Amino acid sequence: MNILIALLPAIGWGIQPLILKKIGGRPTNEILGTGIGTLIVGIIVYFFFSGQSVSFSTFMIALASGAFWVIGQTGQYTAFNLLGVSRTMPISTGIQLVGTSLIGVLAFGEWAGTTSKIIGFGSIVLLIIGAAMTAVTENADNKSGTTKGLIILATTSVGYWVYSALPKLVDAPGDAIFFPQMLGVFIAAMIYVVLKQPKAFASDKSWKASIVGIIFSISAFAYIFSAQRNGVATAYVITQLNVVIATLGGMFILNEKKTPKEFRFTLIGLALIVIGSVTTAFL
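Read left to right, the sequence shown gives residues 28 to 310 (the numbering used here).
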């Protein structure tokens, strides 16, 4: 049962982009639906699964954490249209892991000891190389889109970094701050859509995309339980299967075309990202 709980986030986060692209729509439709879905699950968790209250300051920090996640997610959704899921997911994952690892070391004193730092920074090198390999393209027409997509991911991934770092500032269990985080996602998504494309509220694709928000938030809540039962390191390592599922799904389910060389580079890069992320989890 514990392993099944640990697999839920990996599967959920892995199929999330595949379902999203099957639904279709613009990034505004996608982030609006995601925000609606996360709020639904957040409310259910608040009333039925979380019996703990938090202070106002903790609530606001968790709220801000969810809001920053939207910055990263809108960047990822935009990159899907430029790079495809099979290229976006490993690159995005690599950038996220590099940023969160460095923040953990510099701001929170993680990787204590020289050996841990050497192994950790070696893992970061693997992540960078792996992400770079998955970005390789032989199609000259795709290179401008690749450059734009990489810039978007590099700049918006700051949102993911802050989303991961802020909860470390509070002394509260994950289930207690889950609702304010999801509320933060919803509020930030609403603000983004109102400023960017208000007519997205009237699109059926926005409401269909709420299933993606439900999948994301259920997976995030399952990860909290997995970390409690399996340990943070084990739970985290298993979730990294999501990038494998999403990348292979992009190629074989969404039929994203790759040349033989691009395919080989993607598989090797994917392996390096998984190895690098698994290594950092045990430091």
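Where a beta carbon is used, it is the ideal one built from N, C-alpha and C, also for glycine. Keep in mind it's a predicted model, so treat the numbers as computed, not measured.
Could you pull the start and end residues of the alpha helix (DSSP H) that R114 belongs to?
For R114, the enclosing alpha helix (DSSP H) stretches over residues V112 to F135.
Mind listing, in chain order, the continuous alpha helix (DSSP H) runs of no fewer than 4 residues lying wholly within the stretch 169-209?
The qualifying runs are 170-192.
Would you report the Cα separation of I30 and N269, rounded to the nearest angstrom?
Near 15 Å, if we compare the C-alpha coordinates of N269 and I30.
Kindly indicate which residue of I295, K284 and A273 has the alpha-carbon position closest to the one of T115.
Residue A273 is the option with its Cα nearest to T115.
Count the CB pairs spanning the stretch 291-303 and the stretch 156-166 that are closer than 8 Å, and state whether there are at least three.
Flag = yes, the stretch 291-303 and the stretch 156-166 touch.
Count the other C-beta atoms from every protein chain shown that fall within 10 angstroms of the C-beta of E165, then say buried if there are 16 or more, exposed otherwise.
With fewer than 16 other CB atoms across the displayed protein chains lying within 10 angstroms of its CB, E165 is exposed.
On the CB-based measure, 16 or more other CB atoms within 10 Å of its CB, does Q79 come out buried or exposed?
It is exposed - the Cβ of Q79 has fewer than 16 other Cβ atoms within 10 Å.
What residues in its chain sit with their C-beta under 6 Å from that of L124, if we drop five residues either side in the sequence?
Counting only Cβ-Cβ distances below 6 Å, and skipping sequence neighbours, we find L154 and S304.
Cβ of S128 within 8 Å of Cβ of I151?
The answer is yes: Cβ separation under 8 Å.
Kindly list the residues whose CB is nearer than 8 Å to the CB of I156, restricted to its own chain and excluding five residues on each side of it in sequence; keep chain order.
Only G296 and L299 meet the Cβ criterion.
Euclidean distance between Cα positions of I204 and F135
When rounded, the distance between both Cα atoms is 20 Å.
Taking the straight line between their C-alpha atoms, what separation do you get for A215 and I145?
Approximately 38 Å, taken between the alpha carbons.
To the nearest angstrom, how far is it from the Cα of G52 to the Cα of W138?
Those two C-alpha atoms are separated by around 42 Å.
For the alpha helix (DSSP H) that contains L146, what are its first and last residues?
It is Ile, not Leu, that sits at residue 146 in the sequence shown. Counting along the chain, the unbroken alpha helix (DSSP H) around I146 starts and ends at T141 to T161.
Is V97 near the ligand GTP, judged by its Cβ being under 7 Å from some heavy atom?
Summarising the ligand content, the structure contains no ligands, and the ligand GTP is consequently not present.
Since E57 is in the alpha helix (DSSP H), which residue starts that stretch and which ends it?
Start and end: P54 to F75.
Considering only C-alpha positions, which residue in the set S171, P194, R256 and V112 is nearest to L281?
When only C-alpha atoms are compared, the closest one is V112.
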